[in-house]
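Protein chains: 2
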Amino acid sequence: MTEETKELAKRPISTDDIPDLNTIELLFFAYRDFISDPDRMLQNLGFGRAHHRTLYFVSRSPGMTVAELLVILKITKQSLARVLRQLIDSDYIIQSEGENDRRKRLLFATEKGRALILALSKPQSERINRAMSRLDENGRETVTEFLNAMIEPKKIRHRRS
Amino acid sequence: MTEETKELAKRPISTDDIPDLNTIELLFFAYRDFISDPDRMLQNLGFGRAHHRTLYFVSRSPGMTVAELLVILKITKQSLARVLRQLIDSDYIIQSEGENDRRKRLLFATEKGRALILALSKPQSERINRAMSRLDENGRETVTEFLNAMIEPKKIRHRRS
DNA sequence: AAACTATGTCAGCAGTGTTGACATAGTTTT
DNA sequence: AAAACTATGTCAACACTGCTGACATAGTTT
Chain A
36 MTEETKELAK RPISTDDIPD LNTIELLFFA YRDFISDPDR MLQNLGFGRA
86 HHRTLYFVSR SPGMTVAELL VILKITKQSL ARVLRQLIDS DYIIQSEGEN
136 DRRKRLLFAT EKGRALILAL SKPQSERINR AMSRLDENGR ETVTEFLNAM
186 IEPKKIRHRR S
Chain B
36 MTEETKELAK RPISTDDIPD LNTIELLFFA YRDFISDPDR MLQNLGFGRA
86 HHRTLYFVSR SPGMTVAELL VILKITKQSL ARVLRQLIDS DYIIQSEGEN
136 DRRKRLLFAT EKGRALILAL SKPQSERINR AMSRLDENGR ETVTEFLNAM
186 IEPKKIRHRR S
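Those protein sequences? They're chains A and B, same order as listed. Residue numbering for the first sequence follows the numbering used here, starting at 36 and increasing by one per position. Residue numbering for the second sequence follows the numbering used here, starting at 36 and increasing by one per position.
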């Protein structure tokens, strides 16, 4: 190992190479810690992040269909089916037939599901609150604006005529 | 399904229930999109996010030991061993013995590894740059401050006397 | 009746996290 | 020098969540 033929990069990468390196790193740590509180709670239930997200969006938009959920989560039918089944079997979510279109499955959180999503969101909300507390109203809007700008703009979908 | 005995939560959860709900959602979407660009690149190499992070921190701090990497990444030895082995076998990272302590394995990115981490970081940096471009210097500091405050404060570790 | 749509399911695979046990080499302590 | 400790590696096994492709069923639209 002493006489290497491979070229080594001994100089650390820095903001000279990538100007926003510090922000990249901050985002990694911030998101990891942000998700860590609910992760711990979920573990006790035998659930994971996918359950969290599924329950979240269903609670946020009661009556959502499976297809709509797939679009939001950007995962495959099979990935969703697994966690959705578990959430339904353990009474966090229930399905009901669509009124106009009986093929559709409208998804609703039960009271049990609602209680869980509120419990999971609480530490996240508190963390955000702590971080925001240092900022004035203007600063909070700045953060919101920044996060929004980080999101991939929705592509306009053209319907088949 | 028409006559349900289970109690339904038909009212959507909202900022009435969780004040920072919108920020929670924004963070989810922002991070998912932020990580999606390098994810696509990694796929072509047969690598994943764990490889990305490992290579990142080694490039950032050349000469890092395995133990130090474990502390930063907060994963288990076995999880790291797998991706580290692949990175070493495919010449993105090399190991060398510690000078003082020959048990230690000092990790360095090769030029190939350096090139990869720069390529992976580029779209992330560009995305941050786009999002930051709307903000003035003061706004950028606000975002940095916010992200820092979202991170779990390091616990003070007491050394055995 | 035929074509299409919404959903569900099966089998199998990949990446990355986990635990616990054990092995080896090197360092420090007694 | 022997004993204890440390840094790393490895083995086996498992869990969660993403993927693909194929196929089935029921309901809707053409």
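In this text, a Cβ means the ideal position worked out from N, Cα and C, and glycines have one as well. It should be emphasised that the depicted structure is a prediction, and the values quoted were computed from it without experimental measurement.
Rounded distance between the beta-carbons of residue j and residue i, thought under 8 Å
i      : j      : result
B/A85  : B/S114 : 7 Å
A/A27  : B/A184 : There is no way to answer for residue 27 of chain A, as the model of chain A reaches only from 36 to 196.
B/Y127 : B/K112 : That belief does not hold up - the Cβ atoms of B/Y127 and B/K112 are roughly 20 Å apart, past 8 Å.
A/V178 : B/T145 : Not quite, the Cβ-Cβ distance comes to about 38 Å (not below 8 Å), so this is no contact.
B/P158 : B/D72  : 4 Å
B/A44  : A/F143 : 7 Å
A/D55  : B/S160 : 4 Å
A/I110 : A/F92  : Actually they do not touch by this definition, with Cβ atoms about 12 Å apart.
B/L270 : A/Y66  : What the structure shows of chain B is the stretch from 36 to 196, and residue 270 of chain B is not part of that stretch, so it cannot be assessed.
CB contact below 8 Å: residue i versus chain B
i      : result
A/S160 : yes
A/F64  : yes
A/I110 : no
A/N79  : no
A/A219 : As displayed, chain A neither begins before 36 nor continues past 196, which places residue 219 of chain A out of reach and without an answer.
A/F69  : yes
A/L56  : yes
A/G148 : yes
A/A116 : no
Below-8 Å beta-carbon distance, residue i vs any chain A residue
i      : result
B/A154 : no
B/T89  : no
B/M76  : no
B/V106 : no
B/M36  : Only weak support is given to the placement of B/M36: the predicted model assigns it a pLDDT of 43, under 50, and the value that follows is read from those uncertain coordinates. It does; some Cβ of chain A falls within 8 Å.
B/E103 : no
B/L61  : yes
B/S96  : yes
B/A14  : The requested residue 14 of chain B is not part of the displayed model; chain B covers only 36 to 196.
B/T100 : no
B/S196 : Low confidence applies to B/S196: its pLDDT is 36, below 50, so where it sits in the model is not reliable enough to give any reading.
B/D51  : no
Beta-carbon proximity list for residue i, same chain, < 8 Å, skipping 5 on both sides
i      : result
B/I53  : I59
A/R149 : S94
B/M36  : Only weak support is given to the placement of B/M36: the predicted model assigns it a pLDDT of 43, under 50, and the value that follows is read from those uncertain coordinates. There are no such residues.
A/L77  : G83, R84, H86, H87 and L155
A/E132 : K139, R140 and L141
B/R162 : D68, F69 and D72
B/R175 : M167
B/P47  : none
B/I123 : I129 and Q130
Cut-off 7 Å between Cβ atoms - residues of its own chain near residue i, not counting five sequence neighbours on either side
i      : result
B/S156 : none
A/R194 : Unreliable placement is indicated for A/R194, whose pLDDT of 46 sits below 50; the coordinate value is still reported in the next sentence. There are no such residues.
A/L151 : L90 and Y127
B/S196 : With a pLDDT of only 36 at B/S196, under the threshold of 50, the placement of this residue in the model should not be trusted; the figure read from the coordinates follows. Correct list: empty, nothing qualifies.
Contact set for residue i: own chain, Cβ-Cβ below 6 Å, skip 5 residues either direction
i      : result
A/S49  : none
B/G98  : L141
B/E39  : Low confidence applies to B/E39: its pLDDT is 49, below 50, so where it sits in the model is not reliable enough to give any reading.
B/L170 : none
A/F181 : none
**Message:** What are the residues in the region 118 to 142 of chain B lying within 8 Å of chain A by C-beta distance?
**Reply:** Taking 8 Å as the Cβ-Cβ cut-off against chain A, the residues of the region 118 to 142 of chain B that qualify are D126, I129, Q130, S131 and E132.
**Request:** Name, going along the chain, the residues of the region 166 to 194 of chain B whose beta-carbon falls closer than 8 Å to a beta-carbon of chain A.
**Result:** Within the region 166 to 194 of chain B, the residues whose Cβ lies closer than 8 Å to some Cβ of chain A are A166, M167, R169, L170, G174, T177, V178, T179, E180, F181, L182, N183, A184, M185, I186 and E187, listed in chain order.
**Asked** Mind pulling the beta strand (DSSP E) runs of 3 or more residues that sit fully within the region 125 to 195 of chain A?
**Response** Under the rule that a run must span 3 or more residues, the beta strand (DSSP E) segments found entirely inside the region 125 to 195 of chain A read 128 to 132 and 140 to 144.
**Prompt:** Unbroken alpha helix (DSSP H) runs of length 4 or more, entirely within the region 88 to 129 of chain B: which are they?
**Reply:** 101 to 108 and 112 to 124, all fully within the region 88 to 129 of chain B.
**Message:** What ranges does the alpha helix (DSSP H) occupy inside the region 44 to 88 of chain B, keeping only unbroken runs of at least 4 residues that lie completely in it?
**Reply:** DSSP runs (the alpha helix (DSSP H)) wholly in the region 44 to 88 of chain B: 56 to 80.
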